[in-house]
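Protein chains in written order, with the numbering used here: chain A, 79 to 426; chain B, 79 to 426. Glycine residues also receive a C-beta, built at the ideal position from the N, C-alpha and C atoms. Just so it is clear, the structure is predicted and the values come from calculations on it, not from any experiment.
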């Protein structure tokens, strides 16, 4: 006989017992974590030659994620990843996170346990400690806030404002996949809404779906920089799309940029999906966002150190004229790059 | 001729311009802030003999605050204060905050400017730097997330778990006022909802209203500890009510406590309001919450150092028997203290 699955209401637990249960499996990995969850604040001590780097992000249901097609453990995982990505973008190593959530009392304890599964998985994969957070209720929906804290050598820190004319513009991984994954998920959601019997076929789409639902952060690139004694002149992570991020680097560095369309790293699944949806894959790569890849600039003489890494692509170079931030298309046309960054406040 | 007030829609600005405008007046006060707003992450460096302390809180419209009766600058101020209070409760000094918000596009730029006025005022009053945050949209309502970062001498850190039998239990300021302020505001809100013509009369209520709407954190007490070379054995800030907090200290320290009802510091306005509403002021003091006072325990021999400070009251003592956490009422009855701490997930 099938046993009925038991669900625990949050109102049965109360806030303190809920926190105790969710953090019971919390594991501390870093010596720098002196005190984690359980007091008024967490306590951290980095080595004297390090500086502390702090970043924070909000993730809001039906703005940043949809529970219609995202398993809660992926939501938890991604919430951590997007924050770690900001720390890596400083050429720093994340060591601690705080994770806070507000949910309505329609969420069960079991749902939150799944959310935390994702958080703990990300902590394990990136060797990071969960050291605090806040737990409260919302009128409706789920709201997440994550703060990531990391350490860096002061003279290895990488800001957005250090790009120099002549620098090579490099990007890790590939671009536009997360955006095409989102387009696919949204298309299928609408189809299933109308015809609940239809089962979406995801075969051959696994890469773009993973990039949207369960992205990774580029720890490997930061470790490569350390190993190869590379310090980029400027770096930023790609969350709002390449266009928006290269403009941040150019504006803050007082330089221009030339990016070559035919150099943009785009995965085959991204191209296929774009073609099927009659979208230009270049648009997905330039303006899609949520890639969590690193965009950085390197002096030409450092090129030799990275040229054998397939995970790093040179896509252009920094120029002196700060009014010149252009994409050179395949046919040689120069198109000014404009910020298509996500406008959170647009009417939907 | 009266000029029509101009409001700016958030969709006119977009996220980046919005952040630029809101942070244009940001002022950095602390040497430990190496890089504030404007990159992927903030950069902080504390002196080598200090440890880093981190705390975070969510504040959600219609759960933690109501915009019906709370000016936005008070919301911003309080959001910062409740986080600083957690840092002080570690016997640490806050130095930086990150401030994040999500709002629907029905909020105007001018509304957010008022919110930030409160944030900046709190930063000024407590000598703290705004170093980062996230800015996004919500489907409905306002969501705030604040992280506070501070520094402490490692051997002056004060946890919840250090209380010793014989310790005096002390509390700063007075208790229950913020709770009675909330009761008053809620009562008047209901009256005005039914009769919009009625203008509430707040005279003689200023203290309890201020305690609810624009609380302060006890920086002065932490400075006194430093000056007098006091390190409490245990400390916590009172956000969920004295009952809940003393139970945290007792559970984590493995001790019991005896608290005397007639020693509880309660302001005259709190008593009057409680009487008018047929509530027991002791209940407000024990279970009300949102006092943001410090609850701490001191060895008896330290008493001489604090006895002349009217802002510190001894309300009881720590006992060895950890099953004994009692309130001794005015008539000598012993009543077990139970956690009436806020259950965020109760049906409303």
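Beta-carbon neighbours of residue i, restricted to chain B and to distances below 8 Å
i                      : result
residue 65 of chain A  : The displayed coordinates of chain A run from 79 to 426. Any statement about residue 65 of chain A would go beyond what the structure contains.
residue 126 of chain A : 126
residue 135 of chain A : 178 and 212
residue 237 of chain A : 113 and 117
residue 168 of chain A : 117, 118, 119 and 121
residue 164 of chain A : 118 and 119
Start-to-end residues for the beta strand (DSSP E) that takes in residue i
i                      : result
residue 135 of chain A : 128 to 138
residue 214 of chain B : 213 to 215
residue 249 of chain A : 246 to 250
residue 335 of chain B : 334 to 338
residue 207 of chain A : 207 to 210
residue 375 of chain A : 372 to 376
residue 125 of chain A : Per DSSP, residue 125 of chain A belongs to no beta strand (DSSP E) and is neither H nor E.
residue 228 of chain A : 221 to 231
residue 412 of chain A : 412 to 414
N-terminal and C-terminal residue of the alpha helix (DSSP H) that residue i is part of
i                      : result
residue 270 of chain A : 255 to 272
residue 112 of chain A : No alpha helix (DSSP H) contains residue 112 of chain A, which is instead part of the beta strand (DSSP E) from 111 to 113.
residue 20 of chain B  : Residue 20 of chain B is absent from the structure shown; chain B starts at 79 and stops at 426.
residue 172 of chain B : It is not in any alpha helix (DSSP H) - residue 172 of chain B instead sits in the beta strand (DSSP E) that spans 171 to 181.
residue 94 of chain B  : 88 to 100
residue 360 of chain A : 359 to 365
residue 158 of chain B : 150 to 166
residue 348 of chain B : 346 to 354
residue 196 of chain A : 187 to 203
Under 7 Å by beta carbon: chain A residues contacting residue i
i                      : result
residue 348 of chain B : Residues of chain A passing the Cβ test: none, with the nearest at roughly 24 Å.
residue 225 of chain B : 134, 176 and 225
Heavy atom of the ligand FMN within 6 Å of residue i beta-carbon
i                      : result
residue 178 of chain B : Looking at this structure, you won't find the ligand FMN or any other ligand, since it has none at all.
Per-residue contacts from residue i into chain B (C-beta, under 9 Å)
i                      : result
residue 141 of chain A : 180, 214, 215, 216 and 217
residue 138 of chain A : 180, 214, 215, 216, 217 and 221
Within chain A, partners of residue i - CB distance below 8 Å
i                     : result
residue 98 of chain B : Residues of chain A passing the Cβ test: none, with the nearest at roughly 11 Å.
Per-residue contacts from residue i into chain B (C-beta, under 7 Å)
i                      : result
residue 314 of chain A : 118
residue 247 of chain A : Here the premise fails: no neighbours, minimum Cβ distance about 17 Å.
If you scan the stretch 277 to 325 of chain B from start to end, which runs of the alpha helix (DSSP H) of 4 or more residues do you find wholly inside it?
If we require 4 residues or more, the alpha helix (DSSP H) runs fully inside the stretch 277 to 325 of chain B come out as 284 to 291 and 297 to 305.
Is there contact between the stretch 155 to 175 of chain B and the stretch 297 to 308 of chain B, where contact requires at least three CB pairs shorter than 8 Å?
The answer is yes - the stretch 297 to 308 of chain B touches the stretch 155 to 175 of chain B, with three or more Cβ pairs under 8 Å.
With contact counted as at least three CB pairs below 8 Å, one residue from each stretch, are the stretch 272 to 288 of chain A and the stretch 313 to 333 of chain A in contact?
no
Residues within the stretch 261 to 290 of chain B neighbouring chain A, beta-carbon criterion of under 7 Å:
none
Using a beta-carbon distance cut-off of less than 8 Å, what residues from the stretch 194 to 220 of chain A approach chain B?
209, 210, 211, 212, 213, 214, 215, 216, 217, 218 and 219
Can at least three beta-carbon pairs, one atom from the stretch 395 to 413 of chain B and one from the stretch 250 to 260 of chain B, be found at a separation below 8 Å?
no
Validate contact between the stretch 138 to 156 of chain A and the stretch 116 to 126 of chain A using beta carbons, cut 8 Å, 3 pairs:
no
At least 3 beta-carbon pairs within less than 8 Å: the stretch 340 to 349 of chain A vs the stretch 243 to 257 of chain A:
yes
Using 8 Å as the cut-off, can you tell me whether the stretch 201 to 219 of chain B makes contact with the stretch 299 to 319 of chain B, which would need three or more C-beta pairs spanning the two stretches below that distance?
no
Any contact between the stretch 109 to 116 of chain B and the stretch 200 to 212 of chain B? By contact I mean 3 or more CB pairs, one from each, below 8 Å.
yes
Given 8 Å as the limit, is there contact between the stretch 219 to 237 of chain A and the stretch 130 to 146 of chain A, that is, 3 or more CB pairs closer than that?
yes
Would you call the stretch 181 to 196 of chain A in contact with the stretch 94 to 112 of chain B, where contact means no fewer than 3 C-beta pairs closer than 8 Å?
Short answer: they don't touch.
Specify whether the stretch 376 to 385 of chain B and the stretch 333 to 340 of chain B touch according to this definition: at least 3 beta carbon pairs, one from each stretch, less than 8 Å apart.
Output reads no: the stretch 333 to 340 of chain B does not touch the stretch 376 to 385 of chain B.
Please list the segments of the beta strand (DSSP E) lying wholly inside the stretch 382 to 409 of chain A, counting only runs of 3 or more residues, in order along the chain.
390 to 397 and 403 to 406
Check whether the stretch 87 to 97 of chain A touches the stretch 178 to 188 of chain A, counting contact only when three or more Cβ pairs, one atom from each stretch, lie closer than 8 Å.
Short answer: they touch.
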